[in-house]
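What follows is one structure encoded as structure tokens, with my remarks underneath.
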Amino acid sequence: MKVLLLKVINSNKLVLPIFFLTHITLMIILGNFTGFALDEYGYAEVLKYLYEENQSTDNFSVWVNSDILFLQILYSPAKVFILFGVSEVISIRLLSIILTTLTLAILLHNLDTSKCQYTISRLVIILSFFIPSFFLWTTLGLREGFLILWLTLIFIYSFKFKQTQNLVLLIPIVIGIFGLMQTKLYLFVLTIISFTISSLVYSLVVRKITLTRILLMIAILSPLVFHPSTSKQIYSVASDTLNRVHEVNIASDNKNIASENKGDILNSYQTEATTLYQFNVFFKNTENQSLIIKFLKIINFDDYLASVSPKSTVHPLLKISRPGFNEPLEIIWSAVKFLILPLPFIENGSLFLNVISYEMFIWFMLYLFIGLKILSFRPQANENYFVYFTIITFLFTFLIFSALFEVNLGIIVRHRVILLLVILNLVVVLQNHQGYKDRLVINYDKPS
């Protein structure tokens, strides 16, 4: 039984179809229900009007920094699904599922079968992709499916390029960095910062600049050359972000309320009333009801909606604050909150968040796993470890950014998709740097 289970884990021909079909099952259950992500309908609207003449991204609130041609190429598979009679919402979800499965395939394919802890690393990656919140966000038709693919192309193929010096590997890196620039500008900036910091540190420590590092940095910085307007966009977004209010609380209703004194904002995104309101809308819609709504009606969840209070209490620990750059301890505390919230067994201000909080036990085990691997790893100051240090730098910059600018628990849970993906990229890089397998250990078949 153990050998059979290990062969299943080590077979991409089994793992990937199972993962894909599980996603499809959830997609069918959800149907056209978009209550878990209020902006999903906006992405469906983009697909609906994207291929009309004289279209502009000014009309799309969810893709404001992207080029029309880029979006038309990006959504072309979803457009094909529509031609076969699939709705816009289902089409963008199918596209997200395909991209997520492709990302999983890239991670698993680039694990080194000759190195130790191969099976353990595969198991960690596979199980992590089934973490409920990650699984949900990558099933929905949001940008997460694109983001995790772009980051994986950048980090994994940067590592492979440094190892093999194969110039062909620069192609997926360029695709990834251009895609990231068009999809999420702040992640593009953090990626550039991480590669630049690592390159400068290596130049000082190793005291030499290699051709592979020069070529890699050219690939990473290429969007700034071929898309010069990006620099202005970065400056504009950075200025706007730094001018935002410093403190944001979680609201329990469906309003945005500005405080007269401090400029605090009570943000309703992903709160209980908002999410339950979406359920209520779908309950009242008698046409095209999804399986999830039909099931909830059977268990009388609609009666619960009628009796639930429009207000919900929030534990004081869950107050999300934006510290200033001159408050290092507050930045650390906010980063810790980003890593560990929502907490189980306390009121998180939302039915959805209370359910999601129990997956934090999985996150804690993942943090322990990657922490032990980093502590036991002994990197050297040579070019082979450049990408390892770059990923570590990205994790730190991403945590600092999240500590400074995240606004509420709902967005924290959603943005932790990026954190998980980068950690799994680090797992692949660390596994490739591990020593070779002990000859006494059973060497299972290479994934097919």
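-10 is the number of the first residue of the sequence shown in this note's numbering; add one for each residue after it.
Backbone N, C-alpha and C fix where the C-beta goes; we use that ideal spot for every residue, glycine too.
Expected contact under 8 Å - CB spacing of residue i and residue j to nearest Å
i: G165; j: L84; result: Between L84 and G165 the Cβ distance is about 17 Å, and since that is not below 8 Å, they are no contact.
i: I114; j: L97; result: 6 Å
i: I81; j: A33; result: 6 Å
i: L176; j: I407; result: 7 Å
i: L140; j: L410; result: 6 Å
i: L205; j: F144; result: Their Cβ separation, rounded to whole angstroms, is 11 Å, which puts L205 and F144 out of contact at 8 Å.
i: V325; j: I380; result: V325 to I380, Cβ: 20 Å. No contact.
i: M16; j: I79; result: 7 Å
i: I137; j: L174; result: Actually they do not touch by this definition, with Cβ atoms about 17 Å apart.
i: L179; j: F383; result: 6 Å
i: Q420; j: Q152; result: That belief does not hold up - the Cβ atoms of Q420 and Q152 are roughly 13 Å apart, past 8 Å.
i: S323; j: P312; result: 6 Å
i: V4; j: I13; result: Incorrect: roughly 15 Å between the Cβ atoms, too far for contact.
i: L355; j: S76; result: 35 Å between Cβ atoms; not a contact.
i: P121; j: E336; result: The Cβ separation is near 19 Å, so there is no contact.
i: I412; j: I363; result: Between I363 and I412 the Cβ distance is about 10 Å, and since that is not below 8 Å, they are no contact.
i: L213; j: S220; result: 6 Å
Spatially closest choice to residue i from the options, by CA coordinates
i: K2; options: N21, T90, I401 and F394; result: T90
i: L342; options: I351, L330, F350 and Y38; result: L330
i: L72; options: Y40, I95 and I380; result: Y40
i: L27; options: I18, I288, V416 and L131; result: L131
i: R202; options: K362, K286, L189 and Q423; result: L189
i: S50; options: Y30, T180, I95 and G168; result: Y30
i: Y377; options: G74, P333 and S183; result: S183
i: Q154; options: F284, N289 and T199; result: T199
i: S218; options: N54, L(-6) and G74; result: N54
i: H216; options: F358, Y356, D56 and I287; result: D56
i: L60; options: K286, K37, K197 and W322; result: K37
i: L125; options: T11, L210 and V35; result: T11
i: I345; options: N99, S76, V75 and G399; result: G399
i: R196; options: L(-5), N371, L88 and F123; result: N371
i: W352; options: P212, F123 and I321; result: F123
i: G168; options: K221, D292 and L88; result: L88
i: R403; options: I209, K68, T127 and L213; result: T127
i: G20; options: N315, Y293, F284 and P317; result: F284
Backbone secondary structure at residue i - three-state DSSP
i: K286; result: helix
i: K104; result: strand
i: V80; result: Contrary to the premise, residue 80 reads as Ser rather than Val in this sequence. S80 falls in the helix class under three-state DSSP.
i: Q61; result: helix
i: N414; result: helix
i: H216; result: coil
i: R196; result: coil
i: I329; result: helix
i: Q423; result: coil
i: N343; result: helix
i: S117; result: helix
i: Q222; result: helix
i: I335; result: coil
i: P368; result: coil
i: G399; result: helix
i: L408; result: helix
i: G74; result: coil
i: N373; result: helix
i: F314; result: coil
i: G130; result: coil
i: S85; result: helix
i: L279; result: The residue you asked about is not Leu; residue 279 is Ser in the sequence shown. Reduced to three states, the DSSP call for S279 is coil.
Proximity test, Cβ basis, 7 Å: residue i and chain C
i: F9; result: Of the protein chains in the structure, only one exists, and it is not chain C.
Own chain residues within Cβ distance below 7 Å of residue i, not counting five before or after
i: F327; result: L388, S391, A392, E395 and I401
i: Y146; result: L158, P161 and I162
i: F22; result: F271, S279, I281 and I282
i: F375; result: K151, S187, Y191 and R202
i: T386; result: L179, I182 and S183
i: L100; result: Y107, S110, R111, V417 and Q420
i: I320; result: P312, I389, A392 and L393
Contacting residues, own chain, Cβ-Cβ under 8 Å from residue i (five flanking each side not counted)
i: N414; result: L96, L140, T141, F144, I145 and I380
i: P368; result: Y374, Y377, F378 and H422
Cutoff 6 Å; reference residue i; Cβ partners in own chain excluding five residues on either side
i: F119; result: none
i: F70; result: S80 and L83
i: L156; result: none
For a minimum of 4 consecutive residues, which ranges assigned as the alpha helix (DSSP H) are wholly contained in the region -10 to 55? -9 to -2, 1 to 19 and 29 to 38
At 4 residues or longer, and completely inside the region 134 to 179: list those alpha helix (DSSP H) runs for me, N to C. 159 to 172
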